[in-house]
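K.L.:
Mapping of the sequence shown onto my numbering: residues 25 to 207, in sequence order.
All residues carry an ideal CB built from backbone N, CA and C; glycine is no exception.
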Amino acid sequence: MYGLIQALFVVTLVVALHVPLGDYMARALDGARHLRVETAIYRVCGVDPDKEQDWRHYLLALLAFTFASIAALFALFTFQDKLPWSLGHEGMPWRLALHTAVSFTTNTSWQNYAGESTTGHLAVMAGLGTQAFASAAVGICVALALVRGFVRRSTDQLGNFWVDLIRTILRILVPIAVVSGLV
Numbered sequence: 025m026y027g028l029i030q031a032l033f034v035v036t037l038v039v040a041l042h043v044p045l046g047d048y049m050a051r052a053l054d055g056a057r058h059l060r061v062e063t064a065i066y067r068v069c070g071v072d073p074d075k076e077q078d079w080r081h082y083l084l085a086l087l088a089f090t091f092a093s094i095a096a097l098f099a100l101f102t103f104q105d106k107l108p109w110s111l112g113h114e115g116m117p118w119r120l121a122l123h124t125a126v127s128f129t130t131n132t133s134w135q136n137y138a139g140e141s142t143t144g145h146l147a148v149m150a151g152l153g154t155q156a157f158a159s160a161a162v163g164i165c166v167a168l169a170l171v172r173g174f175v176r177r178s179t180d181q182l183g184n185f186w187v188d189l190i191r192t193i194l195r196i197l198v199p200i201a202v203v204s205g206l207v
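#1: Apply the 10 Å Cβ neighbour rule to I196 and answer buried if 16 or more other Cβ atoms are within range, or exposed otherwise.
#2: Could you check where the alpha helix (DSSP H) with L28 kicks off and where it finishes?
#3: Go ahead and label F101 buried or exposed: buried means 16 or more other beta carbons lie within 10 angstroms of its beta carbon, across all protein chains shown.
#4: Excluding five sequence neighbours on each side, which residues of the same chain lie with their C-beta closer than 7 Å to the C-beta of R176?
#5: Contact defined as beta carbons within less than 8 Å: I believe V71 pairs with W186. What is the distance between those atoms, to the nearest angstrom?
#6: Could you tell me whether the Cβ of L37 comes closer than 8 Å to any Cβ of chain B?
#7: Which residues in the same chain as I94 place their Cβ atom closer than 7 Å to its Cβ, once the five residues preceding and following it in sequence are excluded?
#8: Around the C-beta of C69, are 16 or more other C-beta atoms found within 10 angstroms, so that it is buried, or is it exposed?
#9: Starting from L83, trace the alpha helix (DSSP H) both ways and give me its first and last residue.
#10: So, with DSSP's three-state summary, where would you put G181?
#11: Should the stretch 96 to 111 be regarded as contacting the stretch 73 to 85, the criterion being three or more beta carbon pairs within less than 8 Å?
#12: Indicate the three-state DSSP secondary structure (helix, strand or coil) for Y66 in the structure shown.
#13: Please report the distance separating the alpha-carbon of V34 from that of A160.
#14: Between the beta-carbon of M116 and the beta-carbon of T132, is there less than 8 Å?
#15: Please identify the residue among A92, T90, L146 whose C-alpha is closest to the C-alpha of H113.
#16: What residue range is occupied by the uninterrupted alpha helix (DSSP H) comprising G173?
#17: Can L168 and L45 be called in contact, C-beta distance under 8 Å?
#18: So for K75, helix, strand or coil by DSSP?
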């Protein structure tokens with residue numbers, strides 16, 4: 025009985041929120057106005073937020089971000105014993121580190137290790153915590169590019185991957201996480 029009530033609650037929540045959340049996401053992700061924090065991030069990263077990308081450049085930016093994320097997470101897992109807050113855990117063997125890095129970067133989050141006995145605080149907070157947002161944002165960026173590709177008939181521009189990524193994290197995922205944490 026509890027499972028049925030829970031399922032009805034989730035369905036009711038989705039039905040009630042899909043239109044307002046969809047409208048908010050459309051405004052947040054397609055607006056021309058940049059928030060100050062976004063502008064600062066673009067400046068630090070050397071991104072021109074007003075320059076759109078065709079599908080090739082969008083894909084290259086997405087792949088560059090994904091491979092950089094895999095490399096950073098792989099290094100974090102492999103060398104965690106030399107980093108602070110490792111809790112005395114050894115670095116992961118390279119195969120396990122690569123598997124875990126690819127898994128969390130691609131948002132599959134399949135774990136082949138015992139969490140608390142294998143990873144330290146830094147690897148969990150800076151690595152897995154970051155990828156919880158970044159991998160979801162990359163998935164949303166792919167969906168945005170796909171929809172824009174279908175909708176935009178008179179141009180080959182799909183938007184800017186870096187703008188989509190930063191806006192998705194700052195305007196969609198972080199607010200949802202904060203509200204969910206408060207509820």
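P.N.:
With the structure as the only source:
#1: Position 172 of the sequence shown, counted from the start, is the residue given in the question as residue 196. Label assigned to I196: buried.
#2: Mapped onto the sequence shown, residue 28 falls at position 4. Its alpha helix (DSSP H) spans residues 26 to 54.
#3: The count along the sequence shown starts at 1 and reaches residue 101 at position 77. Burial call: buried.
#4: The residue you call residue 176 lines up with position 152 of the sequence shown. Around R176: no qualifying Cβ.
#5: In the sequence shown, residue 71 corresponds to position 47, counting from 1. In the sequence shown, residue 186 corresponds to position 162, counting from 1. Indeed, because the Cβ distance is near 4 Å, the residues count as touching under 8 Å.
#6: Going by chain labels, chain B is absent from the structure shown, which holds only one protein chain.
#7: If you number the sequence shown from 1, residue 94 lands on position 70. The residues are A125, V126, T129.
#8: For the purposes of this step, residue 69 is taken as residue 45 along the sequence shown, with counting starting at 1. C69 is classed as exposed because its beta carbon has fewer than 16 other beta carbons within 10 Å across all chains shown.
#9: On the sequence shown, position 59 is the one that residue 83 refers to. Residues 79 to 102.
#10: Taking the first residue of the sequence shown as position 1, residue 181 is located at position 157. It should be pointed out that residue 181 corresponds to Gln in this sequence rather than to Gly. Collapsing the DSSP output to three states places Q181 in a strand.
#11: The stretch 96 to 111 makes no contact with the stretch 73 to 85, as fewer than three CB pairs between them are under 8 Å.
#12: If you number the sequence shown from 1, residue 66 lands on position 42. Helix, per DSSP.
#13: Sequence index remark: in the sequence shown, residue 34 carries index 10 (1-based). Sequence index remark: in the sequence shown, residue 160 carries index 136 (1-based). Between V34 and A160, the alpha-carbon positions lie close to 20 Å from each other.
#14: As a working mapping, residue 116 is identified with position 92 in the sequence shown. As a working mapping, residue 132 is identified with position 108 in the sequence shown. No; because the gap between Cβ atoms is not below 8 Å, this pair is not in contact.
#15: As a working note, residue 113 is residue 89 in the sequence shown. Comparing alpha carbon positions, the residue from A92, T90, L146 closest to H113 is L146.
#16: Position 149 of the sequence shown holds residue 173. G173 -> alpha helix (DSSP H) spans 154 to 175.
#17: Stepping through the sequence shown from its first residue, residue 168 is reached at position 144. Stepping through the sequence shown from its first residue, residue 45 is reached at position 21. Taking 8 Å as the Cβ cut-off, L168 and L45 do not qualify as a contacting pair.
#18: Numbered from 1 along the sequence shown, position 51 holds the residue referred to as residue 75. If DSSP states are grouped into helix, strand and coil, K75 belongs with coil.
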